[in-house]
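Enquirer: Position in the sequence shown (from 1) plus 116 gives the number in the working numbering. Backbone N, C-alpha and C fix where the C-beta goes; we use that ideal spot for every residue, glycine too. What you are looking at is a predicted structure, and each value in this text was computed from that prediction instead of being measured.
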Amino acid sequence: MLESSKDSAKLDAMRRIVGMIAKGKNASELFPAVVKNVASKNIEIKKLVYVYLMRYAEEQQDLALLSISTFQRALKDPNQLIRASALRVLSSIRVPIIVPIMMLAIKEASSDLSPYVRKNAAHAIQKLYSLDPEQKEMLIEVIEKLLKDRSTLVAGSVVMAFEEVCPDRIDLIHKNYRKLCNLLVDVEEWGQVVIIHMLTRYARTQFVSPWKVVEVVEEYSENNFYESDEEQKEKDQKVKDTYSMDPDHRLLLRNTKPLLQSRNAAVVMAVSQLYWHLAPKSEAGIVSKSLVRLLRSNREVQYIVLQNIATMSIQRKGMFEPYLKSFYVRSTDPTMIKTLKLEILTNLANEANISTLLREFQTYVKSQDKQFAAATIQAIGRCATNITEVTDTCLNGLVCLLSNRDEIVVAESVVVIKKLLQTQPAHHGEIIKHMAKLLDNITVPVARASILWLIGEYCERVPKIAPDVLRKTAKSFTNEDDLVKLQILNLGAKLYLTNSKQTKLLTQYVLNLGKYDQSYDIRDRTRFIRQLIVPNEKSGALSKYAKKIFLAQKPAPLLESPFKGRDHFQLGTLSHTLNSQATGYLELSDWPEVAPDPSVRNVEIVESAKEWTGILGKPKKEKPTEKFYSESEDEEDESAGTSSSESETGSESEEDDKEESSSNESGGSSSPSEESSDSESGSKESTAKKTSKAAYESDSEDTEKKAKGISKNLSTSSSSVTESASSEESSSDSKSESDSKSDSESGKSRSTTASKKEEKPVQDRKTPNKQDVFLLDLDDFCPVTTPVAVPTAAVLSPSLTADLEGLSLPNFSIIDVTTQISVPTKTHELLHRMSGKGLAAHYHFSRQPDIFGDRMVSLQLTVTNTTDHKIENIHIKEKKLPAGMRMHEFSPIECLEPAGSITVSVGIDFCDSTQIASFQLCTKDDCFNVSIQPPAGELLLPVTMSEKDFKKEQGMLTGMNETSATIAVAPQNCTRLVIIEKLVKAANLGVVPSGQDNIHRFAAKTVHSGSLMLVTVELKESSTAQLVINTEKTVIGSVLLRELKPVLSQG
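(1) Helix, strand or coil for residue 362? Go by DSSP, reduced to three states.
(2) Which residues does DSSP list as the beta-bridge partners of residue 958?
(3) I'd like the list of long-range same chain contacts for residue 228, defined as Cβ closer than 6 Å, with 5 residues on each side in sequence excluded.
(4) How many Å lie between residue 370 and residue 364 at the Cα?
(5) Ordered along the chain, which non-local residues of its own chain (more than five positions away) have a Cβ less than 7 Å from that of residue 659?
(6) So is residue 870 buried or exposed if we call it buried at 16+ other beta carbons inside 10 Å?
(7) Could you check the C-alpha separation between residue 490 and residue 573 for me, to the nearest Å?
(8) Tell me the start and end of each unbroken alpha helix (DSSP H) in the segment 999-1077 that is at least 4 residues and wholly inside, in chain order.
(9) Report the three-state DSSP secondary structure of residue 326 (helix, strand or coil).
(10) DSSP state of residue 1118, grouped into three classes?
(11) Among residues of its own chain, excluding the 5 on either side of residue 1084, which ones have a beta-carbon nearer than 7 Å to its beta-carbon?
(12) Over what stretch of residues does the beta strand (DSSP E) that includes residue 1142 continue unbroken?
(13) Taking residue 279 as part of the alpha helix (DSSP H), name the residues at either end of that continuous run.
(14) Starting from residue 1083, follow its DSSP beta bridges and name the residues at the other end.
(15) Look at the alpha carbon of residue 253 and the alpha carbon of residue 147, and state the distance between them as a whole number of angstroms.
(16) Quick one, which of 473, 474, 421 has its alpha-carbon nearest residue 112's?
(17) CA-CA distance, residue 1031 and residue 1064?
(18) Report whether the distance from the Cβ of residue 1085 to the nearest heavy atom of the ligand PLP is below 7 Å.
(19) Count the other C-beta atoms from every protein chain shown that fall within 10 angstroms of the C-beta of residue 630, then say buried if there are 16 or more, exposed otherwise.
(20) Given this structure, state the Cα-to-Cα distance separating residue 968 from residue 1004, to the nearest angstrom.
(21) Tell me whether residue 1116 is buried or exposed, calling it buried when 16 or more other Cβ atoms sit within 10 Å of its Cβ.
(22) Just to confirm my understanding: we take residue 431, look at its own chain, exclude 5 residues before and 5 after, and list those with CB closer than 7 Å. What are they?
(23) Which residue marks the beginning of the alpha helix (DSSP H) containing residue 163, and which one marks its end?
(24) Determine which residues share a DSSP beta bridge with residue 993 and list them.
(25) Are residue 456 and residue 495 closer than 8 Å when you measure CB to CB?
(26) With three or more C-beta pairs closer than 8 Å as the rule, is the segment 1072-1092 touching the segment 1011-1018?
(27) Under 8 Å: do the segment 506-516 and the segment 675-690 share three or more Cβ pairs, one atom per stretch?
(28) Is it buried or exposed, residue 307, if we count other Cβ atoms within 10 angstroms and call 16 or more buried?
(29) Can you give the Cα-Cα distance for residue 239 and residue 211, rounded to whole angstroms?
(30) What is the rounded straight-line gap between the Cα of residue 549 and the Cα of residue 563?
(31) What residues in its chain sit with their C-beta under 7 Å from that of residue 994, if we drop five residues either side in the sequence?
(32) So for residue 950, helix, strand or coil by DSSP?
(33) List the whole-angstrom C-beta distance separating residue 552 from residue 585, where the pair is believed to meet the contact cut-off of C-beta under 8 Å.
(34) Provide the residue(s) that pair with residue 1129 in DSSP beta bridges, ordered along the chain.
(35) Take residue 527 and list the residues in its own chain whose beta-carbon comes closer than 7 Å to its own, dropping the five residues that flank it on each side.
(36) Kindly indicate which three-state DSSP category residue 503 falls into: helix, strand or coil?
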């Protein structure tokens, strides 16, 4: 079937093979046949082949290496799943020779537009590091880059890579700490576990102990005898002021608290250990309820949770005392769970609940599970030791158990009684006599040895019974267990020293038996005792002290919990479970005495952000929310009063995200503590428009396009969801400045209809429109955070919406504005230094959404002073713009030092035309006439869509809307990668997936009107290609065609 020419047969074969692997069957023999299909054009077959290869690439390395070129080509595939799968297979081939190829692939994938591919790049980092640890420095660079990624899909994987490769590089976390804290809620569950464990280690190195305040209070808890009340109050005040929690420490605790409600037990356990190790003791109690909830899970989860509760309950009993009944043993519990619950009950025992627990223990002793019954007896002994009020009660209960029919219960009781009697032997001679009588019936070696030890240790209190016990045991000496034989020897030695008249001959008999015993331990002990207690010429000076040695006062044994020593391991780790340091375990450091500098976690504002701030004028001050709304309303009222020619008005206003927002490309950023509500008039036009849906202009083109493209589809209003794309765009044009009368007329008619339905633009700004759902993609570009009021019904965090990128909704065509694929490095000269009297100016198109208006093209203008003196007051003056064109100039540059250079942002609305924008660039003394003419390719915004949607839109833009040309393609320009690279460099286009190798599709929207621009390159035979452009804007389409023709024809 794999050799078949039909895709359906191959697909069926691959499904069966993957099914075999899932059932655990070996399918490695099929490797050669499967590898042949790795280059299949059918995506479904290719996906299954990659699944197979990921399983067997490591075993069949030689055969996998033959297909490595195919994997490298697949890394450039338009389908993100294929790119990711190719990277996973490549990283599974563990051959040192391909390390450089893997390294290059990981670097490229780390910059991929798809967060799924970047996630797989993070996974590949760990595999490459284990294959070649020498690549550590280069991998750290990739990790540092991926740590800055704002996608929730990537966060968990890159932190896992960080923990594997460079867990000691805490400096990489500083700048990303607040972002990780804020993203935590939206990260997938296993990513949350990894991030929480890493942040726990980080916090222990960066913050001071929150437990110190308790220790200090205890020191000053008692008043000095001569101390006045006033002095005590002052001292108390000093104590209170000794500790104040770092805001970042509080941020971590606050953002992890909601995860205690997670359905994933590992997440709850991770948060619990974080609170245990980091939170003030008064706050750590909130985790107890969540941990008790996990006891309803399967037995494996219960086992781990109970182990951690057992460790916690030793130090802080109060946390779990309210949930005492949750730890009662059920008959259906396995032994390991029963034992752990018993451990916790013993730890929680106190004077108030001991009577209840002892009644519970009486039931457990009767259990058919003998191992559990023995553990219960040990628990009773611990309770008797810890709570003196019930010691006698417990001891009497244990003595009663000595008459039990079960040997194991009796043996365990004897051992525990022995330990209890050591604490107060003087009062319990009768119990020792009772146990001596039981010696004939007890056969368990440990119990017999314990009784003999007790009789020997306290032989002076039972002088009549002890010699008789020695007589009986001497008879059975040869048949006893080694443990019992040793205690018989000890008993004989002690009786020889205290009652030699009665026991001298017996002891010598026993020593003679031991002298020829098979066990060398017993023979050695016999020789030692004989030399020590029987005086002769050879015996040394120690014989004098034999009695002191054998009958010395021995300390009472401590009955402690076996979990007492585990608290030095981090809770929830394998090392804690095993009570032994596992490979890869990272110890929690001690709290620092003085907190390190907290400013290292402040996110720096990148230079371009400073420039934008300069352009916007003075730094913004935080304003109350009420003022924000009132200012917005005032601006609307003013603009409404001044606009008479158009029926709609509005103003730009943006809303600051309370979480940290920073741009990936441009670097504008703000700390999560910034919660400002500012507003500003964006384009300062008197003829702004007020739409029925509170039209807004966002800080990223992505948001604005999704509002046009997606929200219309998702809207539940009376407008039809099956509207064509062209009608959607004309509706979008009606919300923005239209460049033709027909556009404006259609816009007016639509807006009039809409305004009848809703005539509350100001209220919409305050209350989100419940009919619209906007999937905002703030991941790709977030410039300086200027507020915008977005009427969204679903409150989605920026990090979550970044991961919703690329979701396809059934029956709707989704056209999303995407990030630029290529940023042109070519600069254009605006003013030559000779013409500008030493002032030179260059500009380039940044291909970023403009912060001054969504219909403006963003330019980066670099001004250089080539003179040897300062140039002051550089500004723009006397703009000579064609009708409809607008320009937002930069704020005046007060002073430019000699040889100094500064880059500022300028926004120009070219109205979807290539007309020249002329203006004057002025200094304090001179003015210079300059002009900017944009290439048609820079008037576009790249969009992403499916191949199906592309063909659908193309079908509606035929006839007059289609421009085409046949061009001769240079031989080196015939490959897919080269065509994509050259076209996206020449024009700001987005790549559309294509199922055919000879057809390459690109899509964009015009910046001003949002009209679609569809570009198709179809390679023909004899090195020719058909270049087709479909768009409503036929003029700009023909100009773009002229620009793209030489791109492919030239080498």
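Expert: Taking the geometry as given:
(1) coil
(2) 945, 978, per the DSSP bridge assignment.
(3) 234
(4) 10 Å
(5) 648, 651
(6) Here the model assigns residue 870 a pLDDT of 42, short of 50, so the residue's position is not dependable, and the following value carries that caveat. Under this definition residue 870 is a buried residue.
(7) Taking the CA atoms as reference points, residue 490 sits about 25 Å from residue 573.
(8) For the alpha helix (DSSP H) assignment, the uninterrupted runs of no fewer than 4 residues enclosed by the segment 999-1077 are, from N- to C-terminal side, 1063-1071.
(9) coil
(10) strand
(11) When the five nearest sequence neighbours on each side are left out, the beta carbons in the same chain lying within less than 7 Å of the beta carbon of residue 1084 are those of 1139, 1140, 1165, in order along the chain.
(12) Note, residue 1142: beta strand (DSSP E), 1140-1147.
(13) 268-281
(14) 1141
(15) For residue 253 and residue 147, the distance between alpha carbons rounds to 35 Å.
(16) Look at the range of the chain in this structure, 117 to 1167, and you will see that residue 112 is not part of it.
(17) Their backbone Cα atoms lie some 35 Å apart in a straight line.
(18) Among the components modelled here there is no ligand, and therefore nothing to report on the ligand PLP.
(19) buried
(20) 7 Å
(21) buried
(22) 683
(23) 159-172
(24) 1036
(25) no
(26) no
(27) no
(28) buried
(29) 17 Å
(30) Taking the straight line joining both Cα atoms gives about 15 Å.
(31) Result list for residue 994: 1035, 1036, in chain order.
(32) coil
(33) 6 Å
(34) 1120, 1147
(35) 558, 560, 562, 563
(36) coil
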